[in-house]
Amino acid sequence: MNLHEYQGKEILNSFDVRIQRGIVAHTAEEAVVAAKKLTEDTGTGWHVIKAQVHAGGRGKGGGVKLAKNLDEVKTIASQIIGMDLITPQTSAAGKRVHQVLICEDVYYPGESETSEFYVSVLLNRATGRNMVMYSTEGGMDIETVAEETPHLIFTEEIDPATGLLPFQARKIAFNLGLSGLAFKEMTKFVTALYTAYVQSDSSMFEINPVLKTSDNLIMAVDAKVTIDDNALFRRKKYAEMRDLREENAIEVEAGALGLNYVDLDGNVGCMVNGAGLAMATMDLIKMSGGEPANFLDVGGTADAERVEAGFRIILKDPNVKAILVNIFGGIVRCDRVAEGIIAAFKNMGDDMNVPLIVRLQGTNADIAKKMIDDSGLPVQSATAFKEAADKVEAVLA
Ligand code: GDP
Ligand code: MN
586 MNLHEYQGKE ILNSFDVRIQ RGIVAHTAEE AVVAAKKLTE DTGTGWHVIK
636 AQVHAGGRGK GGGVKLAKNL DEVKTIASQI IGMDLITPQT SAAGKRVHQV
686 LICEDVYYPG ESETSEFYVS VLLNRATGRN MVMYSTEGGM DIETVAEETP
736 HLIFTEEIDP ATGLLPFQAR KIAFNLGLSG LAFKEMTKFV TALYTAYVQS
786 DSSMFEINPV LKTSDNLIMA VDAKVTIDDN ALFRRKKYAE MRDLREENAI
836 EVEAGALGLN YVDLDGNVGC MVNGAGLAMA TMDLIKMSGG EPANFLDVGG
886 TADAERVEAG FRIILKDPNV KAILVNIFGG IVRCDRVAEG IIAAFKNMGD
936 DMNVPLIVRL QGTNADIAKK MIDDSGLPVQ SATAFKEAAD KVEAVLA
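Each residue of the sequence shown is one higher than the one before, counting from 586 in the numbering used here.
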């Protein structure tokens, strides 16, 4: 589950990770009140107005702006709230901004230059260990840094038994070129950050930029936090932070029905049981010239009700031009699945408005095929995997 910047910062702050302070506002008036409060609390004269949407690159899209007085706070906040923010990470339509974070300006001039770093904590799947990934090139797309100057990205792997050790924190601060107070601050920062990552059951922290202020404090200016979905049952406080407006509406609806659905860009809807078979089905659709419109794992039961729910979810995507059902009848017999498909089809009537190709394999596959063929419904059956994909291709042609 992804969080907004302000929520991520809230979590960091609760683990004593220094953050750029801010207050959320939903209207321009609230923004002015927030700015005044921040000036009282922090002494800041300038404020940064930051769009809160689940997408990076907000600065580039005009979603992060500096205000030098309260009038500017009001004007900028009213511009950003309600806008459809387009960034390199959103669709062409952008993302509607419902709220902004009013922040203290932390790039104030002082005894030394400010510098921006990149620090993330994530799982290295190859080793099964968490690692801190960091770079001197903060404030930039890390993908660009990885492509153009990969030698400027460092990683530090962490032994789960010991956690991040003091020598590792010092190594990170050293590699970032810090000394004196900033060095100490950075070791404190990454140590607290790693503790926060583990204890919040997060699967990713990306802090870009981490700022060294002109008075050598180290703080998180941005926060991209992803909490492991599998831990939400025991992290109720975080689960409540979910903002469904930021998520794909069809995926949210499918999730509520217990269907494992991921929306994709193609035109062939797929209904499959088992994640492995679903992946293989998507590959095969692609190999025969189509593009999968979704990933859908209906799981162990494929009765009429569930099949119908699956069809209806798939058909919410206007790009779907055909549906391929590919189900392996192991525990659930194919004839039961065929019964479910036929009943769902009949129940849906005109709502089922694209060609349907069904491949059932496993226990009683032959009986199931005969049931489909004899049903009188415009459903094509297939026995072999490739045959099914070819039939999909034929209806699309
Ligand atoms: P992103 O573009 O979505 O990654 O949003 P960020 O939170 O990273 O903000 C984008 C950029 O805004 C940062 O890289 C900073 O350069 C700038 N920025 C953020 N906070 C401040 C601030 O307090 N003062 C100034 N002058 N710039 C800031
Ligand atoms: Mn950022």
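Just so it is clear, CB atoms sit at the ideal spot from N, CA and C, and this is done for glycine as well.
Which residue wins for smallest C-alpha separation from L670, given the options H683, K659 and K955?
Ranking the options by Cα distance to L670, first place goes to H683.
Please confirm whether any heavy atom of the ligand GDP lies closer than 7 Å to the CB of V806.
Yes, the ligand GDP has a heavy atom inside 7 Å of this Cβ.
Alpha helix (DSSP H) segments (min. 4 residues) lying fully within the region 885-939:
Within the region 885-939, the complete alpha helix (DSSP H) runs of at least 4 residues are 889-900 and 919-933.
Under the three-state reduction of DSSP, which class applies to N815: helix, strand or coil?
For N815, the secondary structure class from DSSP, reduced to helix, strand or coil, is helix.
Would K594 and I608 qualify as a contact pair, given that the criterion is a beta-carbon distance under 8 Å?
Cβ distance not < 8 Å, so K594 and I608 don't count as in contact.
Reduced DSSP secondary structure (H/G/I, E/B, other) of E832
Coil.
Just curious, the beta strand (DSSP E) that L708 is in, first and last residue?
From DSSP, the beta strand (DSSP E) with L708 extends over S700 to N709.
Going by beta carbon distance, what residues of the same chain come within less than 8 Å of T734, once the five residues before and after it are set aside?
So the qualifying residues of the chain are E722.
Just to confirm, does L623 get its C-beta within under 7 Å of one of the non-hydrogen atoms of the ligand GDP?
It does not: the Cβ of L623 is nowhere closer than 7 Å to a heavy atom of the ligand GDP.
Return the chain-ordered ranges of every alpha helix (DSSP H) run that is complete within the region 637-674 and spans a minimum of 4 residues.
Every alpha helix (DSSP H) of 4 residues or more that sits fully in the region 637-674 is shown, in chain order, as 655-665.
Is any heavy atom of the ligand GDP found at a distance shorter than 7 Å from the C-beta of R830?
Not so, every heavy atom of the ligand GDP lies at least 7 Å from the Cβ.
In the structure shown, what three-state DSSP assignment does Y782 receive?
Here Y782 sits in helix by DSSP.
According to DSSP, simplified to helix, strand and coil, what is S764?
It is coil, neither helix nor strand.
Determine whether the beta carbon atoms of K901 and I942 lie at a separation below 8 Å.
No, they are not a contact pair.
Whole-angstrom distance between T772 and I757, CA atom to CA atom:
Rounded to the nearest whole angstrom, the C-alpha separation of I757 and T772 is 7 Å.
Using only the heavy atoms of the ligand ZN, determine whether one of them is closer than 7 Å to the beta carbon of V810.
The ligand ZN is not part of this structure, which contains only the ligand GDP and the ligand MN.
Within the present structure, is the beta-carbon of N793 separated from the nearest heavy atom of the ligand MN by less than 7 Å?
Yes, the beta carbon of N793 sits closer than 7 Å to at least one heavy atom of the ligand MN.
DSSP beta-bridge partners for N715?
N715 pairs with L708.
Alpha carbon of D626 to alpha carbon of K821, nearest angstrom
Cα to Cα, D626 sits roughly 30 Å from K821.
For D920, count neighbouring Cβ atoms within 10 angstroms of its own Cβ and tell me buried if that reaches 16, exposed if not.
Under this definition D920 is a buried residue.
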